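Trainee: Protein chains in written order, with the working numbering: chain A, 1 to 137; chain B, 1001 to 1278.
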Amino acid sequence: MSPDGPPPGPDPVPPVEDERVERALGTLLRHGVLIAGAVTVLGGFLALTRGGGAAANFATFHGEPEPFRSIAGIVSGARGLDPRSVIQLGIVCLIATPVLRVALSLVAFAMRRDRIYVVVTAIVLALLAVSLFSARG
Amino acid sequence: MSVTAFSALVFSGALAAGMLGALTGLGGGIVIVPMLTLLFHVDIRYAMGASLVSVIATSSGAAAAFVREGFANIRLGMFLEIATTLGALAGATLTGVVSPHVISIIFGCVLLYSAYRSARPPQEHVTAEHPDPIAVRLRLNGTEPTPHGPRPYAVQHVPLGFVLMVGAGVLSGLLGIGSGVVKVLAMDQAMGLPFKVSTTTSNFMIGVTAAASAGVYMHNGYIDPMVSLPVMIGVLCGALFGARILAGAPVRILRTLFAVLIVVLAIEMLVKGVRGVA
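1. Apart from the five residues just before and just after D11 (chain A), which ones in its own chain have a Cβ nearer than 6 angstroms to its Cβ?
2. Specify the secondary structure class of E64 (chain A) as computed by DSSP and reduced to three states.
3. Does any residue of chain A bring its CB to less than 8 angstroms from the CB of D1132 (chain B)?
4. Could you give the residue range of the beta strand (DSSP E) that holds R1151 (chain B)?
5. So with CB distances below 7 angstroms, who are the chain B contacts of S105 (chain A)?
6. Quick one: which unbroken alpha helix (DSSP H) runs of 4-plus residues sit fully inside the segment 1013-1079 of chain B? Chain order, please.
7. Quick check on the burial criterion: 16 or more other C-beta atoms within 10 angstroms. Buried or exposed for L57 (chain A)?
8. Evaluate T49 (chain A) with the Cβ neighbour count: other Cβ atoms within 10 Å of its Cβ, from every protein chain shown; 16 or more gives buried, anything less gives exposed.
9. S131 (chain A) by DSSP, collapsed to three states: which one?
10. Grouping DSSP H, G and I as helix and E and B as strand, with all else coil, what is G1234 (chain B)?
11. Can you list, in chain order, the residues of its chain whose CB lies under 7 angstroms from that of L1052 (chain B), leaving out five sequence neighbours each side?
12. Which chain A residues are close to S1051 (chain B), counting only those with a beta carbon under 9 angstroms from its beta carbon?
13. Suppose contacts are defined by Cβ-Cβ distances below 8 angstroms. Is I123 (chain A) in contact with L1138 (chain B) by that definition?
14. Taking S1118 (chain B) as the reference, give the member of B:K1272, B:L1254, B:V1271, B:A1278 with the closest Cα.
15. Using beta-carbon positions only, say whether Y1113 (chain B) and V1166 (chain B) come within less than 8 angstroms of one another.
16. List the residues of chain A whose Cβ lies closer than 8 angstroms to the Cβ of G1200 (chain B), in chain order.
17. Determine whether the beta carbon atoms of L94 (chain A) and A36 (chain A) lie at a separation below 8 angstroms.
18. If you follow the alpha helix (DSSP H) that G1276 (chain B) is in, where does it begin and where does it stop?
19. Does G1161 (chain B) pass the burial test, meaning 16 or more other C-beta atoms within 10 Å, or should it be called exposed?
20. Tell me, which residues are paired with T1143 (chain B) by DSSP?
21. Could you name the residues of chain B that G43 (chain A) contacts, counting a contact when the two beta carbons are closer than 9 angstroms?
22. Can you say whether H1219 (chain B) is buried or exposed, counting buried as having 16 or more other CB atoms within 10 angstroms of its CB?
23. Do we get a CB-CB distance below 8 angstroms when we pair I1056 (chain B) with the residues of chain A?
24. Does the beta-carbon distance from G1221 (chain B) to E64 (chain A) come in below 8 angstroms?
25. How far does the alpha helix (DSSP H) with T1095 (chain B) in it reach, from first residue to last?
26. Give the straight-line distance between the Cα atoms of G137 (chain A) and G1238 (chain B), rounded to the nearest whole angstrom.
27. List, in chain order, every chain A residue whose beta-carbon is nearer than 7 angstroms to that of E1081 (chain B).
28. For P98 (chain A), return the contacting residues in chain B, with the cut-off set at a CB-CB distance below 8 angstroms.
29. Tell me which same chain residues have a C-beta within less than 6 angstroms of the C-beta of P1034 (chain B), skipping the five on either side of it?
30. Closer than 8 angstroms is the cut-off here; do at least three beta carbon pairs connect the segment 1188-1195 of chain B with the segment 1147-1157 of chain B?
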């Protein structure tokens, strides 16, 4: 580090700007959780009205049936108001919330022309996409 | 037991876990998997799926409040999320290969470490000088709000912190937890961040890390709606309620009780795992 001034490099982003964007994103996250919670609870009620008396057996792992493993399967089941599909749809909304947050951060960094962080955020988003859309092994 | 009765019982357990987690500041997520497997005899893979879902819910629900306080370091969080999501993808994929008994043993070890950490909180090593050159390049250094105005801090040992974060991600994906303990290890201890900054930034990162595992979990069929629903709603309600009554709560006693509970659960998980392997 040179003794005669601050280290070279891009100008720091004013923290206030950062904070405004982040506050908006924080609110988005909370709404996402609320929506996801509401959808799952709705599914829970549907399950109660339609024979919640079935025996619970989660001691042995069968893996979820195919329709509950993919977004397409879950959405089509939820359209028919199948209780388990509706709950699963709520969980998909919940998982989507932080992903959406990262996507919007990417837009915010791009608008500020913060090239390094556009790249950083794009990598995170790509890794999330690999997890969500990759074909099952 | 009927599904309705099962859900009601799991809901009460998750409610208590969420409340304890919020009151002690240790996070309730870590006790969900042991509770489901030991108490309700749920297969560990369904338990991990439900736990992971509740981790996303609490992290996302709390993020707004943390950002408002001005402690979370957003750029540092985003940069380290590369490490945690990468680790989480690897960890979640490993769950398809590693035996559930081995997962149980690793879980026990992580629980023991968490209990140790909650009994002996680490020291802060904050300095405003000699930041890691990578931290300067990526503009990771920041300030922490204090009653006497903002206090600057310099981020140290970025590569070490990054590697530890990959580890935190692997554990998160492998066990279905937020692994806040390892994140704090990386940020407080390796990178020299103030406590408040590291805990809030860690919380901010947990939701994204868990989402990276959740996709793989869903594809592998670990997320069961009837297990995840009562856990997610229970933990959320518990966390909200716990945060409300925090002011008057005997936090020290609760922390000790929680640490004892974690040790007991750790031993049970280890025994269960070792029996299965042997």
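Don't be surprised by glycine CBs; every beta carbon is placed ideally from N, CA and C.
Treat the numbers as computed from the prediction; the structure is a model and nothing was measured.
Mentor: According to the structure shown:
1. Summary for D11 (chain A): the model assigns pLDDT 46, below 50, so the residue's position carries little reliability, and this model does not support an answer.
2. Coil.
3. Taking 8 angstroms as the CB threshold, D1132 (chain B) stays off the interface with chain A.
4. Here the beta strand (DSSP E) through R1151 (chain B) covers 1151-1153.
5. What S105 (chain A) touches in chain B: M1078.
6. Runs of the alpha helix (DSSP H) inside the segment 1013-1079 of chain B: 1029-1034, 1044-1069.
7. The question names Leu, but residue 57 (chain A) is Asn in the sequence shown. When all chains shown are included, N57 (chain A) counts as exposed.
8. With fewer than 16 neighbouring CB atoms inside 10 Å of its own CB, T49 (chain A) falls in the exposed class.
9. Here S131 (chain A) sits in helix by DSSP.
10. The answer is helix: DSSP assigns G1234 (chain B) an H, G or I state.
11. Sequence-distant partners of L1052 (chain B) (beyond 5 residues in either direction) whose C-beta falls short of 7 angstroms from its own C-beta, in its chain, are G1176, A1210, S1213, A1214, Y1217.
12. Neighbourhood of S1051 (chain B) in chain A, by CB distance below 9 angstroms: empty, with the nearest CB roughly 13 angstroms away.
13. No; because the gap between Cβ atoms is not below 8 angstroms, this pair is not in contact.
14. Closest option to S1118 (chain B), Cα to Cα, is B:L1254.
15. Taking a C-beta distance under 8 angstroms as the contact criterion, Y1113 (chain B) and V1166 (chain B) do not qualify as a contact pair.
16. In the sequence on display, residue 1200 (chain B) carries Thr and not Gly. Going along chain A, no residue has its Cβ under 8 angstroms from T1200 (chain B), so there is no contact; the nearest lies around 11 angstroms.
17. With contacts defined as CB atoms closer than 8 angstroms, L94 (chain A) and A36 (chain A) qualify as a contacting pair.
18. Annotation for G1276 (chain B): the continuous alpha helix (DSSP H) segment containing it runs 1251-1277.
19. Its Cβ being crowded by 16 or more others within 10 Å, G1161 (chain B) is buried.
20. The partner list for T1143 (chain B) (beta bridge, DSSP) reads B:P1152.
21. Chain B residues near G43 (chain A): P1225, L1229.
22. Counting the other Cβ atoms within 10 Å of the Cβ of H1219 (chain B) gives 16 or more, which makes it buried.
23. Taking a beta-carbon distance threshold of 8 angstroms, I1056 (chain B) counts as an interface residue toward chain A.
24. Closer than 8 angstroms, so yes.
25. T1095 (chain B) -> no alpha helix (DSSP H), and no H or E assigned at all.
26. Low confidence applies to G137 (chain A): its pLDDT is 40, below 50, so where it sits in the model is not reliable, and the reading given next is rough at best. Put simply, the backbone Cα of G137 (chain A) is about 36 angstroms away from that of G1238 (chain B).
27. Residues of chain A whose Cβ lies closer than 7 angstroms to the Cβ of E1081 (chain B) are, in chain order, V124.
28. I1056, S1059, S1060, G1207, V1208, A1210, A1211, listed in chain order.
29. Excluding positions up to five away in sequence, the list reads L1265, M1269.
30. Output reads yes: the segment 1147-1157 of chain B touches the segment 1188-1195 of chain B.
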